[in-house]
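In short: position in the sequence shown from 1, add 931, done, that's the working numbering. Working notes, structure below.
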Amino acid sequence: MAVQMQTKTVTVAEAVNEAIRLEMRRNPRVILMGEDVAGGATLEHLEDDEAWGGVLGVTKGLVQEFGRERVRDTPLSEAGFIGSAVGAAATGLVPIAELMFCSFIGSCMDSMLNQASKIRYMFGGKANIPVVIRTIIGGGFRAAAQHSMTLYPMFAHIPGLKVVAPSNPTDAKGLLTAALRDGNPVIVCEHLAMYQMKGEMPEGEFVIPLGKAEISRPGKDVTIVGASMTARHALTAAEELAKNGIDAEVINLRTISPLDEDTILQSVAKTGRLVVADEANPMCGLATHIAGIVASKGFSSLRAPVALVTPPHAPVPFSPVLEDAYLPSPEKIVAVVQRVTM
């Protein structure tokens, strides 16, 4: 008889915190570093129990349990602390580096592009870089162009990097735990708008295998694929579509690279229609890549052209009216699905 897993209701931020806490307890080689991840480093008037735990409080409480040897505040230099994390991984540690926003990746790209991603290949598999970089993606907070980007297609373009994008607390805990045990460089993309969203999370040890998507809602009329926030939008859209007799199957990608092509192709073979919703820019993006896979490997299954719900190829605007028009939404997904199922 299968044992039913116990769950509890938490926010995505709390799920991330628990994944880090449990893995730091399990593996003494895991360390955490970044800007204010402890909070108040070297400031005598701030005790550890008052520490922020990152700009959004996601790592709050970890410094009290593990101390400042394993939870380290860094200078405000992405190139410095990401490079340090890669170096620490090369010596046998398992660093978690918090890159505050993915838009800042340009400051530290060399460490990821030319070092972390290539060392296993360059050393014939005899060396690896088990570094995990957590970073914020996504718009919707009126944070303007430099703090609202979704860059996981850029990361996925680099061979040797694994990329994940959770859409709920279960994903957040299971994917981060898997990333910390993978032994390869992994970038975990956490949507800013989801940190305070609540959902069920399994208690105790829990791992979601990297590279495997989830069918979060079965259906027969159309396949909707999303990642991170658009996976949530897809579920909302599917419930609305069901009121009008359209039975949508929703795929939550979970892992961007390696991409679970089989789950997508099998779903399209069943439904005959595909809508891909993604918050990243469309040029050389995730949505266009998935469309290309289905066009080349599943074309005979299609009963309608593949349709995309993506932003325009432009920076994220600051204006609330423009940003709402820019971002994918459940309403936009519904409209596109209705068009392809006519």
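Yeah, the Cβ is synthetic: ideal placement off N, Cα and C, and Gly gets one too. Note that the coordinates shown come from a computational prediction; the quantities given were computed from them, not determined experimentally.
{"Query": "In three-state DSSP terms, what is residue 1032?", "Result": "strand"}
{"Query": "Measuring CB atoms only, is the stretch 1048-1060 touching the stretch 1114-1126, in the sense that at least three cross pairs come out at less than 8 Å?", "Result": "yes"}
{"Query": "Please identify the residue among 1123, 958, 1044 and 1089 whose C-alpha is closest to the C-alpha of residue 989.", "Result": "1123"}
{"Query": "Of all Cβ atoms in chain D, is any one closer than 9 Å to the Cβ of residue 1198?", "Result": "Here there is only one protein chain, and chain D is not present."}
{"Query": "Give every residue of the same chain whose Cβ lies closer than 7 Å to the Cβ of residue 1016, excluding the five residues on either side of it in the sequence, and list them in chain order.", "Result": "964, 1026, 1028 and 1062"}
{"Query": "Short of 6 Å in beta carbon distance, which residues of its chain neighbour residue 1269, apart from the five on each side in sequence? Order them along the chain.", "Result": "none"}
{"Query": "Classify residue 1088 as buried or exposed, calling it buried when 16 or more other Cβ atoms lie within 10 Å of its own Cβ.", "Result": "exposed"}
{"Query": "Going by C-alpha distance, which of 1143, 1248, 1160 and 1085 is nearest residue 1214?", "Result": "1085"}
{"Query": "So what does residue 1039 bridge to, in DSSP terms?", "Result": "Answer by DSSP bridge pairing: none, since residue 1039 is not bridged."}
{"Query": "Distance check for residue 994 and residue 961, CA to CA, integer angstroms please.", "Result": "13 Å"}
{"Query": "Do you know offhand how far residue 1257's Cα is from residue 1153's?", "Result": "24 Å"}
{"Query": "Nearest by alpha-carbon distance to residue 944: which of 1065, 998, 1003 and 1242 is it?", "Result": "1065"}
{"Query": "What are the complete beta strand (DSSP E) segments, minimum 3 residues, inside the stretch 1176-1263?", "Result": "1179-1183, 1186-1188, 1205-1208 and 1238-1240"}
{"Query": "How long is the line joining the alpha carbons of residue 1042 and residue 1201, rounded to whole angstroms?", "Result": "42 Å"}
{"Query": "If I measure Cβ to Cβ from residue 1068 and keep anything under 6 Å in the same chain, skipping five residues before and after, which residues do I get?", "Result": "1033, 1081, 1120 and 1122"}
{"Query": "I'd like the span of the beta strand (DSSP E) that includes residue 965, first residue to last.", "Result": "961-965"}
{"Query": "Put residue 1152 into one of helix, strand or coil per three-state DSSP.", "Result": "coil"}
{"Query": "Which complete beta strand (DSSP E) runs does the stretch 1062-1101 hold, if anything under 3 residues is left out?", "Result": "1063-1068 and 1093-1095"}
{"Query": "State buried or exposed for residue 946, treating a residue as buried only when at least 16 other CB atoms are found within 10 Å of its CB.", "Result": "buried"}
{"Query": "To the nearest angstrom, how far is it from the Cα of residue 1000 to the Cα of residue 969?", "Result": "10 Å"}
{"Query": "Measure the Cβ-Cβ separation of residue 1076 and residue 1248 and say whether it is below 9 Å.", "Result": "yes"}
{"Query": "Considering just the uninterrupted stretch of the beta strand (DSSP E) at residue 1163, what are its terminal residues?", "Result": "Taken as a continuous stretch (DSSP letters only), residue 1163 belongs to no beta strand (DSSP E), being part of the alpha helix (DSSP H) at 1160-1173."}
{"Query": "With burial defined as no fewer than 16 other Cβ atoms inside 10 Å of the residue's Cβ, what is the status of residue 1229: buried or exposed?", "Result": "buried"}
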